[in-house]
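So the structure is just underneath, and the comments pick up after that.
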Amino acid sequence: DTEVTQTPKHLVMGMTNKKSLKCEQHMGHRAMYWYKQKAKKPPELMFVYSYEKLSINESVPSRFSPECPNSSLLNLHLHALQPEDSALYLCASSQALTTGELFFGEGSRLTVL
Amino acid sequence: SQQGEEDPQALSIQEGENATMNCSYKTSINNLQWYRQNSGRGLVHLILIRSNEREKHSGRLRVTLDTSKKSSSLLITASRAADTASYFCATRRETSGSRLTFGEGTQLTVNP
Numbered sequence: 014d015t016e017v018t019q020t021p022k023h024l025v026m027g028m029t030n031k032k033s034l035k036c037e038q039h040m041g042h043r044a045m046y047w048y049k050q051k052a053k054k055p056p057e058l059m060f061v062y063s064y065e066k067l068s069i070n071e072s073v074p075s076r077f078s079p080e081c082p083n084s085s086l087l088n089l090h091l092h093a094l095q096p097e098d099s100a101l102y103l104c105a106s107s108q109a110l111t112t113g114e115l116f117f118g119e120g121s122r123l124t125v126l
Numbered sequence: 149s150q151q152g153e154e155d156p157q158a159l160s161i162q163e164g165e166n167a168t169m170n171c172s173y174k175t176s177i178n179n180l181q182w183y184r185q186n187s188g189r190g191l192v193h194l195i196l197i198r199s200n201e202r203e204k205h206s207g208r209l210r211v212t213l214d215t216s217k218k219s220s221s222l223l224i225t226a227s228r229a230a231d232t233a234s235y236f237c238a239t240r241r242e243t244s245g246s247r248l249t250f251g252e253g254t255q256l257t258v259n260p
């Protein structure tokens, strides 16, 4: 099993809503990542978790709140988002933090009204 | 800021032709990776080349790395319509290996 599974695939929310994006991997990877991707742009790193601890926060606004409940799960909690936060949110995992390839999920397409 | 710059930004070729994409980067790296992304989908890892390697092959893919010029190229031989996608290079820096930073990408269109 080499999959990274993201849910939901599509999410539409208002600026006052609270929602969460979920990511799951069962490859035994110890590093997990959240990336944000706008149309026709490269993915931009948001957060990195290593062994369930937050390793990198790329100065992401506090309306995005990551959580790593265990080594297989990664959540991104969303609150009071802005329309400019509309994007494809990609989760990825890797065996280790500093080497090797990333395995990506298919992404969650977020639209903020 | 993006570590990698890619050119061309867009490339359109006929099936059967070869496609070459280039990537330049600014700082010393641990490794360089190439990824492919079909429209609206997740990224798929294609190939990884370490800083002490100069060339690597995988099927119809050939990647070269020139650390003195801080550049890499991805060659896709005998292209197919199914190769139509965006291709990104990504680098892990020597000093901050936990970050994988993506270049701007090349949009490849292979016409049948």
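Top line first, the protein sequences correspond to chains A and B. According to this note's numbering, the first sequence is numbered sequentially starting from 14. According to this note's numbering, the second sequence is numbered sequentially starting from 149. The beta-carbon is built from N, C-alpha and C at its ideal position, and this holds for glycine as well. Predicted model, so just to flag it, every value in this text is computed and none were measured.
| Check | Outcome |
| --- | --- |
| Residues near M166 (chain B) by beta carbon distance below 8 Å, same chain, minus five either side | The question names Met, yet the displayed sequence has Asn at residue 166 (chain B). Once the five neighbours on either side are set aside, the close Cβ partners of N166 (chain B) are L223, I224, T225, A226 and S227. |
| Contacts around S206 (chain B), its chain only, beta-carbon distance under 8 Å, and the 5 residues preceding and following it disregarded | L194 and I195 |
| Nearest candidate by alpha-carbon position, reference S172 (chain B), set B:T249, B:E153, B:L209 and B:W182 | B:E153 |
| Where P156 (chain B) sits in the DSSP three-state scheme | coil |
| Residue range of the beta strand (DSSP E) that includes N200 (chain B) | Note, N200 (chain B): premise wrong, no beta strand (DSSP E); not H, not E. |
| For E37 (chain A), the nearest candidate out of A:K49, A:V25 and A:S107 (CA to CA) | A:S107 |
| For Q162 (chain B) and N88 (chain A), the rounded distance between their alpha carbons | 42 Å |
| Contacting residues, own chain, Cβ-Cβ under 7 Å from E65 (chain A) (five flanking each side not counted) | C81, N83 and S84 |
| Of the residues B:K218, B:D231, B:S199 and B:S187, the one placed nearest R208 (chain B), counting alpha carbons only | B:D231 |
| Near-chain B residues of the stretch 101 to 123 of chain A - C-beta to any C-beta below 9 Å | L101, L103, C104, A105, S107, L110, T111, T112, G113, E114, L115, F116, F117, G118, E119, G120 and R122 |
| Beta-bridge pairing of H23 (chain A) - partner residues as DSSP gives them | A:R122 |
| Chain-order list of residues whose beta-carbon lies under 7 Å from that of K51 (chain A) (same chain, five-residue window excluded) | A100 |
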